[in-house]
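Residue numbers -21 to -1, 1 to 330, in mature numbering (1 follows the signal peptide of the UniProt record, and there is no 0), belong to the letters of the sequence shown in order.
Report on the following structure.
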Amino acid sequence: MIFQAMTAALLAALLPTTALAQIADIRSYSSVPPEKLTSIMVLGTPHLSALEDVTPSHVKTVVDQIVAAKARVIGIERLSALEIVTMQASPLLAPALEQFVGPTLLKIAAAAQSRTGMGALEAAEVTSAWTSGSAGLTQEECLERLDIALAAYQPETALLYRERIAADALDQEAARYLDTQRTSMNERVSVALAAARKLGLAKLWSIDSHLDKRLILPRMKELQAAFAKAPPVTQMPHFVEQEEITDRAITKGDLLPVYCHINAQSFGAADVRGQFDLPNRLEFEGDMGRIREAAWDERNHRIAAHVRHASASAVGGAMVVLIGVGHKPFLDELLLTSLDSTTQGEILACD
């Protein structure tokens, strides 16, 4: 007993300066020279396809500022091949697969995998090695890249090569699908793809995750019942203000003020407290509130890991992550712990 007490006292004396010591800034331990750091910029976005009367001209100033940042890598809210393959192996995730990938892309990708002789994971690895865009490539080379991108479930990357290929040289079903996608106002196309074209990038990086839905889907009724007792999120003051700013910006023909507003720290703070802390203020019969919070954290951690993977292709340069604005405060925090990158809070030139 005396020995145990002495041991406990010794450990207690040692812990504050060892195991329990806090590292104030983990980046201060990095040996990476400043010129080799990757600057990661998280740009929160509204989901543009849900807005009425918005055209590509409304986001031109946002696209131009991404181009001005000289991004070498752009990450978008699309599932990677690894995520999709994992989801395909789980019947539990079938609803999420249908919602976030969809049967059309699954069919188009399967046909491309057959044409290329590559599985989705192999095709994704090939796209990761591309370092230059379509300039200087022949039509045959562009067609090869397009098919590999489709095989990897990367339609936005495929669109980077679509315009260099004659219509009759393409698989017709793939051509119809891509021609529909390239007129979409989804921010993956209207903002990220538009910037990637101007920058001459070889690909867009898929950084989203939905594997957390395995925690949510089996207990969706519990979650819906709890949220039904709370006021709609859209009635929260910061959402009402965002909608008013959006309406004015659409009328004026430029959404830059919206992007400036929702990427401000004050909006992020209101959104975390209002929307994402909400499960902690609701009553659940069991542990579903904590499960919802855990699932959200898991998704953001996976996204941050995917961002870090992609950022390895921008050593000494810049990476822009275009993602739903709700993720921004969490990603800004998670990316602070990287030893070979920095985070840049302000991307846009706002008044």
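Yeah, the Cβ is synthetic: ideal placement off N, Cα and C, and Gly gets one too.
Check	Outcome
So L58 and V80 are supposed to be a Cβ contact under 8 angstroms. How far apart are they, rounded?	6 angstroms
How many angstroms separate the CA atom of T117 from the CA atom of Y140?	10 angstroms
In chain order, what residues of the same chain lie with their CB nearer than 8 angstroms to the CB of I270, ignoring the 5 residues before and after it?	L194, I195, R198
Looking only at C-alpha atoms, which of A128, K86, Y132 sits nearest to A60?	Y132
Figure out for me which residue from D330, T321, Q244 has the closest Cα to the Cα of R6.	T321
Starting from S93, trace the alpha helix (DSSP H) in both directions and tell me its first and last residue.	82 to 95
Looking at the strands, I want to know which residues DSSP matches up with M267.	Looking at the DSSP assignment, M267 forms no beta bridge with any residue, so it has no partner.
Would you mind reading off the limits of the alpha helix (DSSP H) that contains I229?	216 to 231
Nearest by alpha-carbon distance to Q44: which of M267, L318, A284, L234 is it?	L234
Report the CB separation of W109 from A181 in whole angstroms; it is logged as a contact under 8 angstroms.	4 angstroms
Cβ atoms of E62 and L257: under 8 angstroms apart, would you say?	no
Nearest-angstrom Cα distance between I55 and I87?	20 angstroms
Going straight from the alpha carbon of P12 to that of L313, what length do you get?	21 angstroms
Check this for me: beta carbons of S163 and S28, under 8 angstroms apart or not?	yes
Write down the C-beta distance between I302 and G23 rounded to the nearest angstrom, noting that I regard them as a contact closer than 8 angstroms.	7 angstroms
Suppose you measure from the CA of Q92 to the CA of S113; what does that come to, to the nearest Å?	21 angstroms
Using a threshold of 8 angstroms, state whether the C-beta atoms of V52 and M298 are closer than that.	yes
Please classify D43: does DSSP put it in a helix, a strand, or coil?	helix
Evaluate the contact criterion for the stretch 169 to 183 versus the stretch 197 to 211: three or more CB pairs, one atom per stretch, below 8 angstroms.	no
Report the option in A137, H26, K192, P74 whose CA atom is closest to the CA atom of R278.	K192
Just mark K177 as buried or exposed, buried being the case when its beta carbon has 16 or more other beta carbons within 10 Å.	exposed
If you count every other CB in all the chains shown that lies within 10 Å of the CB of residue 372, and 16 or more means buried, which is it?	The shown model of the chain, from -21 to 330, leaves out residue 372, and the question about it has no answer.
Given that a residue counts as buried once 16 or more other Cβ atoms are within 10 Å of its Cβ, and exposed if not, what is Y8?	exposed
For P(-6), collect the residues of the same chain with a Cβ closer than 6 angstroms to its Cβ; drop the 5 residues on either side in sequence, then sort them by chain order.	The predicted position of P(-6) is uncertain, since its pLDDT is 49 and thus under 50; a value taken from the coordinates is nonetheless stated next. Nothing meets the Cβ criterion.
Is Q191 helix, strand or coil by DSSP?	Checking the sequence, you will find Asp at residue 191 rather than Gln. Here D191 sits in coil by DSSP.
List the endpoints of the continuous alpha helix (DSSP H) containing E123.	118 to 130
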